[in-house]
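One point on numbering: in our numbering, the residue at position 256 of the sequence shown is 256, and numbering is uninterrupted.
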Amino acid sequence: MSPRTNESAPEDRRPRPDEGAPADDRRDDGRDDDSRNDDSRDDNGRNDNGRDDNARNDNARNDNGRDGDGRDDNGRDGDGRNDNGRNDNGRDDNGRNDDARDDEVHDHEGRDDAGRDIAASGPAPARAPESFRRRVVRYTACAAALAVAFTGFAVALGAGEDERTVITSTSPGVSAAQLAGGDLDTAVTALQAHLREQPKDFGSWSTLGLAYVEQARTKGDPSRYPQAEKALKRSLKLRPDNDPALAGLAALAAARHEFEDALRYADRALKENPYSERALCSRIDALVELGRYDEALKAAQLADTRRPGIPVFTRYAYVYELRGDVKTARRVLEQALNSSVTRGDIAYVASQLGQLAWKQGDYKTSLDHYARALGADDTYLPALEGRARAQAASGDEGKAIRGLEPVVATYPLPGPLVVLGELYEAKGDKAAAREQYALVDAYTAIARVNGVNADLDTAMAAADHGDKKAALRAAEAEWKRRETVHTADALAWALHVNGRDDEALPYARRATRTGYQDATVLYHRGMVEYAAGDKKEARASLKAALDLNPGFSPLGAAEARRTLKALEAAK
1 MSPRTNESAP EDRRPRPDEG APADDRRDDG RDDDSRNDDS RDDNGRNDNG
51 RDDNARNDNA RNDNGRDGDG RDDNGRDGDG RNDNGRNDNG RDDNGRNDDA
101 RDDEVHDHEG RDDAGRDIAA SGPAPARAPE SFRRRVVRYT ACAAALAVAF
151 TGFAVALGAG EDERTVITST SPGVSAAQLA GGDLDTAVTA LQAHLREQPK
201 DFGSWSTLGL AYVEQARTKG DPSRYPQAEK ALKRSLKLRP DNDPALAGLA
251 ALAAARHEFE DALRYADRAL KENPYSERAL CSRIDALVEL GRYDEALKAA
301 QLADTRRPGI PVFTRYAYVY ELRGDVKTAR RVLEQALNSS VTRGDIAYVA
351 SQLGQLAWKQ GDYKTSLDHY ARALGADDTY LPALEGRARA QAASGDEGKA
401 IRGLEPVVAT YPLPGPLVVL GELYEAKGDK AAAREQYALV DAYTAIARVN
451 GVNADLDTAM AAADHGDKKA ALRAAEAEWK RRETVHTADA LAWALHVNGR
501 DDEALPYARR ATRTGYQDAT VLYHRGMVEY AAGDKKEARA SLKAALDLNP
551 GFSPLGAAEA RRTLKALEAA K
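Following this line, the structure appears as structure tokens:
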């Protein structure tokens, strides 16, 4: 057990992820830049549960991500007092309210739809927020240039409407533990109200920023990211170099897939506070997503020494998995699940175990884990999506479709949209499939409007279901930014679908060189090898993919079986 060196926190008695395993063999590159749990405790050792992208994320992770745990690391001056300990009433020297109608507290520059100022002392009438899927569909129907501009406005409008329901209480801002453990929308409303009364509370600004990151993840709405950026930068303006805001910006950058920025902000936060759990975890995420796997392992070991707990354990497991050590990854996740006490942690870790079991073709175990995750949180998106994948792989495509349809109706994210589209296509409903693929393109465009780098998502979806040339451009751009197993796989596949298999082959093989066991990656390699004329290697790769996870894709698995059958017949 690593000693807890943060003197303000009690010793954490949870098991170390590397107990019983060599310290020098360990995964990551982020399931669609996924997200992993970014905080189950605040920096004072309190249980914080706030969950992330990944992908690739995170109980405050990310999509890939893995970012933003929504908690306030700040234990200093975050109580609504100024530096001299006096209550900051938010008025300037002339008695006028300062920042009471801030953009992060009220959208539209503090005005309602009619352009009238919204009084700081009372909430404006609330209206139900527009469905994000409806905004995506509306976006798709517009002409390209007008659509982008209109979507930017629509996204901002949708993000602001629900924020007008603001409580009038002047109680202190929401703590990190409250934010993580309770209703996120209620917590955001309380923070907004508090910041109207105490607009110079830098700690609450950082907490609000992280809450917006978490809302982006849980609602599938990237319009929250610009709001998060404003809130976090407001915190830094009020208190330069405060580590909660810096760590929050690291989480935000990871959510937007800007991993160099995430690393830079994490390092700045750790310079101010070496025990910031969020910053330690964001640093691991960034290194993983940049393909710097050896450094990511060292970062995970350091984080475990300084702040052992659920967020670090889940990242450790991913580092192990990327290195091909699935057994250790599973053991670490099981330890993490056994030590999880909050619903958010249970949902997140159980979903990670479900995904790992599905990747190994153990669909019954996978479904058991997803059932546990949904027992903790029946709205948890990764569990709903993962359960559908496992159901489809088990042969119950109808149940998978019925489970996914309400998910994508509310949260039209690329992962579940592609799965649902392929399930429709596999049963012959190509029109319904095309609708799902079109929504992927629309979501990607909206994400870009809100500062998200979506090249990897674009490359993977477009290569199979869209503009193949656009897929190649996106894959090449992403490879220039970061060389990972996932970007190598994306570039190999994009080159393949554009008929450039000789160029694709080195990238396809590079995607598997760490030992990472993923049937889709092996399938891509096998198909590239087949097209390039290397029949022996193609046979081995395709067989490995189907042996590992025979239901890895409704369409890809069928194509792998057909190609392997042709190869066997030609022997």
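From the three backbone atoms N, C-alpha and C, an ideal C-beta is built for every residue, glycine too.
Query, Result
"Would you please state the rounded distance, in angstroms, between the beta carbons of Val497 and Ala442? I believe it to be under 8 Å.", "22 Å between Cβ atoms; not a contact."
"Out of Leu404, Glu295, Val349, Val188, which has the shortest C-alpha to C-alpha gap to Ala390?", "Leu404"
"Pick from Leu420, Lys468, Asn273, Pro199: whose alpha carbon is nearest that of Ala400?", "Leu420"
"Compare the C-alpha of Trp479 against each of Gly466, Leu456, His465 and name the closest.", "Leu456"
"Starting from the N-terminal side, write out each stretch of the alpha helix (DSSP H) that is 4 residues or longer and does not extend beyond the region 487-527.", "501-510"
"Does the distance from the C-beta atom of Ala279 to that of Ala266 stay below 8 Å?", "yes"
"Just reading off the alpha helix (DSSP H) that Gln227 is part of, what are its end residues?", "224-238"
"Under 8 Å, do His524 and Ala540 count as touching if we go by C-beta distance?", "no"
"Taking Lys230 as the reference, give the member of Leu208, Ala247, Arg239 with the closest Cα.", "Leu208"
"Classify Val341 as buried or exposed, calling it buried when 16 or more other Cβ atoms lie within 10 Å of its own Cβ.", "exposed"
"Report the option in Asp502, Lys219, Ala350, Pro240 whose CA atom is closest to the CA atom of Ala317.", "Ala350"
"What is the rounded straight-line gap between the Cα of Ser553 and the Cα of Tyr530?", "19 Å"
"What residue range is occupied by the uninterrupted alpha helix (DSSP H) comprising Pro414?", "414-426"
"Please determine whether the Cβ atom of Val213 lies at a distance below 7 Å from any heavy atom of the ligand FMN.", "Because no ligand of any kind appears in the structure shown, any question about the ligand FMN cannot be addressed here."
"With distances taken from CA atoms, which of Lys535, Gly551, Ala545 is nearest Glu568?", "Lys535"
"Are Ser204 and Ala247 touching if we call contact CB-CB under 8 Å?", "no"
"What does the alpha-carbon distance come out to for the pair Leu270 and Leu302?", "12 Å"
"Can you give me the start and stop residues for the alpha helix (DSSP H) that Ala296 sits inside?", "293-306"
"Would DSSP call Leu555 helix, strand or coil?", "coil"
"So does the region 486-503 actually touch the region 321-341, counting three or more Cβ pairs closer than 8 Å?", "no"
"Give the secondary structure of Ser351 by DSSP, where H, G and I count as helix, E and B as strand, and everything else as coil.", "helix"
"Is Asp185 helix, strand or coil by DSSP?", "helix"
"Could you round the C-beta distance between Arg561 and Leu548 to whole angstroms and report it? I think they count as a contact, below 8 Å.", "Wrong, their Cβ atoms sit about 14 Å apart, outside the cutoff."
"Check Gly220 in the structure and name its three-state DSSP category.", "coil"
"For chain C, find out if any of its Cβ atoms is closer than 8 Å to the Cβ of Ala454; answer yes or no.", "Given the protein chain composition of this structure (a single chain), no chain C is represented."
"Output the boundary residues of the alpha helix (DSSP H) element that contains Gln391.", "381-393"
"Rounded to a whole number of angstroms, what is the C-alpha to C-alpha distance between Ala426 and Pro240?", "55 Å"
"Between Ala566 and Val319, what straight-line distance do the alpha-carbon atoms span, to the nearest angstrom?", "36 Å"
"Assuming Gly314 is part of the alpha helix (DSSP H), what are its boundary residues?", "Sequence inspection shows Thr at residue 314; the Gly mentioned does not correspond to that position. 310-322 is the extent of the alpha helix (DSSP H) around Thr314."
"How would you call Arg234, buried or exposed, if buried means at least 16 neighbouring beta carbons within 10 angstroms?", "buried"
"Which value, in whole angstroms, describes the spacing of the CA atoms of Ala477 and Glu435?", "27 Å"
"Would you mind sorting Arg338 into buried or exposed? The rule is 16 or more other CB atoms within 10 Å of its CB.", "In the sequence under discussion, the amino acid at residue 338 is Asn, which differs from the Arg named in the question. Under this definition Asn338 is an exposed residue."
"In angstroms, rounded to a whole number, what distance separates the CA positions of Ala447 and Leu555?", "27 Å"
"Just checking my contact of Gln215 with Leu249 at CB under 8 Å: how many whole Å lie between their CB atoms?", "Gln215 to Leu249, Cβ: 17 Å. No contact."
"Pick out whichever of Asp501, Gly551, Thr514, Tyr516 has its Cα sitting closest to the Cα of Ala538.", "Asp501"
"So, helix, strand or coil for Asp377, using DSSP?", "coil"
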